[in-house]
Structures are given as structure tokens and as C-alpha cells.
Amino acid sequence: MLLAAAPTGVAEILDKQKSLDTQTFWDNRDWDWYKANIPFFECPDADIVTTYYYRWELITKHLTYGSPNSGYSFTEFIDRPFWSGAYGAISCPVGHQLYELRWLNDERYVRDYSRYWFRTPGAQPRNYGCWLTDGVWAAHEVHPDEAFIKDLLPDLIKNYEGWAKRQFVPEVGLFWQNGHDDGMEFNINSRQTKDILRGANGYRPGFNAYMFADALAISKVARLADDAATAKEFEAKAASLKANVQKLLWDPKRDFFFPMSMRDETDQEGNVVKKHTLTYQSGKFAGDMHGREEHAYIPWQFNLPDAGYESAWKFLMDRDYFFADYGPSTVERHDPMFLLKNSCCWWSGQSWPYSTAQTLKALAHLLPNYQQN
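Under my numbering, the first residue of the sequence shown is numbered 681, with each subsequent residue one higher.
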């Protein structure tokens, strides 16, 4: 049960203050702000309810007011690390953030943050792979403002073109990216290179799904602006990415999407991963039937795959593959490079809530939009 901020005089089902008082974790006790802004929620599972309200408190901990010109933005880390941009924002989580912020009753927060990435000096929209434009469109769907989003259209196009100039490979028809800049450091592909943190530039299913989603979002904004030529151009870009992800990154033997190497890569032992091969089609573990990574579910987050690829999901709830008690593993557990580390950002096994959220969103699209057996 969800209850948005109700207009004056309309009966409310939930007692908002009681809903807030039930939780015991609050640091930010600005009850008036919560009651004015967040949708209120109740269900029979107390853990889900607590998690729901805790997420809204986290929003308030990362809320930043930069300046009158910039307005509100949001951080990823409380301590604003050196790699963050103006006012502490980092582009890696921006898609998640925009999808959550759009449900606040006051649209200033999501509107300011949407504009921040294109109009604020020091913003870094292309430091990490993200679904920024898709998130801007998602915000528009909740708080429609045609004048605002049409004004951003040149910025959205410029941002896409910035990615394309740097990372699109026309002869392949896909964008390249590495795991580090996709928020997936120390992954099983980078660890097959000499640079285990930033290595393995390749054509990743998740990043190309982001660019697919952003292209579709630009086409929708262009339609609003009566710019049919731009709309058709970006619809064609999206269609091409969709086709090439399915053609080049799917392995029918393993029923899964995989990154494809951009060039030959040599690991520290001298093993060579060959150019344009999928994970474990070459290198030290050539022929191994594992190599599945959770991020390969991302295409369904944006409804990219056609029908016929759903077999990938049989691995999610299987303990021999991804299923684990506290969220799916980032790599299938019997993979030869599966590794759990007591240190930051090793995404070669341990569960990561960022990735879990993407998988859940992808699953939420799979269930109603694809035929189930």
C-alpha cells in the first residue's frame, strides 16, 4: 500500500506520524519534510517496511544544496572522495538516484539534479557508465514538464555524442567500457589482464544497455519537441545497439550475455585473451563453461532483449550459480575466478546492493513482459 502526499481534505489511509514513529533508526527527524515529500508505505513484512523508510532517510543524508545556480544534487559517499565532481556527486549511481528521487512530492530535487549534470561546472556525467538520460526521462514521467525536458534536449544529445566520440566502435556497432568505469572493479575479466583494477576494455552488455536506454529516451524527448529527424536518428541507434548486443554478446552454449574483449589481453602469467572473444572463450580458462556475471542481467532492466533469451534467468535462484542468502553473487559461485575479499570493490563474487537493485528491476520487467514457462 502506497500513499503519496495527499491534497488537503482527502482522507488518508495511513497515519503518517505513526508510520515514522514505528521505526527506531532515525538520525534525521525532520518529520514535516518526510510527511510533505515521501510516499508512505505499509505491508505485512516489517523488514520490508523498515528497509523502505531507511532508504528515504539515506536520501536525506546525501541531499546537497550546491548553490543558487545549481540547486540540489546528491552524493554517493558521505565523505565526498577525491574522484567526485562538483558538490560531491558521482555519475555511477545517478540512474538509481533519479529513479528514486522522482517519487518525492517536491519536484525541485529531481529536476535540479537532472539539470546539474549538464549545466553545473565540475559535473562529470561521463566518468562512469550510467543510464542518466533514461533517468531524466523517468523523472519526467512522474513530474511532467515539457518545457524543462525539451530545454535539456541539446544537452542530452551532446552527452550521448560525447560517449560516442570516445567509446563507440563503428565497425563493431557497440560501445566499449571497462569494469572499473562501469562500477564493477576487480572483475573476472580485468583480472585476466596486467591491470586487474582498470583492465579489460570490452563490449559490455550492461553499458551498451545503458546507451540503448539513453538513445530511446532522447528519441522520446525529441518527439515532444516535434523533432522527428532526431527522434528517428536515435531510435535507429537504439535498434542497432539492441541487435548487436543480441548478435555479438550472447553465448547460446552458456545461455547468457558476456562481455567481448576489445583487443588481445595478456595476464600476469602470459595467458592471452584474444580480441573479440567472450569471457572464457580464450585465455587461461578457455573452454570453461562458467564466466557468468550478474551484470549481464542489466539488458532486461531496459527491456532490451527480444523474446528467446529468458533462459539466462534459470541461474539466478540456483545456489550452484548466483543465489545466496544475502543477495545474488556478482559472479557464479563455481567460476574458477570466484573470489571473496575483505576489501573494497572486488566484484568477483560478493553480493553488491547496487547490482542487486539492477537485477531486481530487470526481473520486474522480465516477469510481466516476457512469456514464462
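Here a beta-carbon is modelled for each residue, glycine too, at the ideal position from N, C-alpha and C.
Please read these numbers as outputs of a predicted model, since none were measured by experiment.
DSSP three-state label for residue i, please.
i            : result
residue 1080 : Outside the modelled stretch of the chain, which goes from 681 to 1053, sits residue 1080, for which no answer is possible.
residue 915  : helix
residue 686  : Model confidence at residue 686 stands at a pLDDT of 49, short of 50, so the residue's coordinates are unreliable and nothing is read from them.
residue 1019 : strand
residue 962  : coil
residue 711  : helix
residue 764  : coil
residue 852  : coil
residue 930  : strand
residue 941  : strand
residue 865  : coil
residue 847  : helix
residue 946  : strand
residue 722  : coil
Just reading off the beta strand (DSSP E) that residue i is part of, what are its end residues?
i           : result
residue 746 : 743 to 747
residue 754 : 751 to 754
Among the candidates the options, whose CA atom is the shortest distance from the CA of residue i?
i           : options             : result
residue 784 : 800, 823, 1008      : 823
residue 727 : 802, 704, 945, 1043 : 704
residue 745 : 844, 946, 904, 754  : 754
residue 777 : 767, 721, 743, 697  : 743
residue 885 : 1020, 927, 963, 748 : 927
residue 837 : 972, 895, 912, 760  : 895
residue 711 : 1031, 695, 747      : 695
residue 979 : 888, 1022, 791, 946 : 888
residue 971 : 957, 849, 698       : 957
Please return the same chain residues whose Cβ sits closer than 8 Å to the Cβ of residue i, not counting the five positions on each side in sequence.
i           : result
residue 734 : 703, 705
residue 944 : 952, 953, 954, 955
residue 737 : 705, 706, 707, 708
residue 877 : 860, 865, 866, 870
What is the residue span of the alpha helix (DSSP H) that residue i lies within?
i            : result
residue 871  : Unbroken run through residue 871: none, as it is neither H nor E.
residue 788  : 788 to 799
residue 693  : It is not in any alpha helix (DSSP H) - residue 693 carries neither H nor E in the DSSP assignment.
residue 776  : 774 to 781
residue 890  : 885 to 904
residue 820  : 812 to 822
residue 1044 : 1033 to 1049
Under 6 Å Cβ to Cβ from residue i, same chain only, skipping five residues before and after it: list those, please.
i           : result
residue 765 : 802, 803, 804
residue 962 : 953, 954
Leaving out five residues on either side along the sequence, give the residues of the same chain with a beta carbon under 7 Å from the beta carbon of residue i.
i            : result
residue 835  : 798
residue 730  : 703
residue 818  : 778, 779, 782
residue 1050 : 987, 990
Check your understanding: Three or more C-beta pairs closer than 8 Å, one from the region 1008 to 1015 and one from the region 916 to 929: is that the case here?
Key -> no
**Study point:** the region 851 to 858 in contact with the region 816 to 833 per 3-pair CB rule at 8 Å
**Key:** no
Check your understanding: Does the region 934 to 941 come close enough to the region 897 to 907 to have 3 or more Cβ pairs within less than 8 Å?
Key -> no
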